[in-house]
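The block underneath contains the structure these notes are about, expressed in structure tokens.
Residue numbers (the working numbering): 66 to 107.
Shown next as structure tokens:
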């Protein structure tokens, strides 16, 4: 049974990649910056 599931994972016809709009990106964000020194953390 697991073999059938894994066989279907690689069974696809195409992949679509697109850019997100600024409003979409804003809708994914949450929280607030509490320590500004962490913005430029490397």
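By construction, the Cβ of each residue, glycine as well, lies at the ideal position given by its N, Cα and C atoms.
Can you tell me the Cα-Cα spacing of residue 98 and residue 105, whole angstroms?
Indexing the chain shown from 1 puts residue 98 at position 33. Indexing the chain shown from 1 puts residue 105 at position 40. Cα-Cα distance, rounded: 12 Å.
DSSP three-state call for residue 88: helix, strand or coil?
Along the chain shown, read from residue 1 onward, the residue named residue 88 stands at position 23. DSSP places residue 88 in helix when its eight states are reduced to three.
Apart from the five residues on each side of it in sequence, which residues of its chain come closer than 7 Å, Cβ to Cβ, to residue 90?
The residue labelled residue 90 in the question sits at position 25 within the chain shown. Result list for residue 90: empty, nothing under 7 Å.
Using three-state DSSP, classify residue 99 as helix, strand or coil.
Here residue 99 is taken as the residue at index 34 of the chain shown, counted from 1. Coil at residue 99, not helix or strand.
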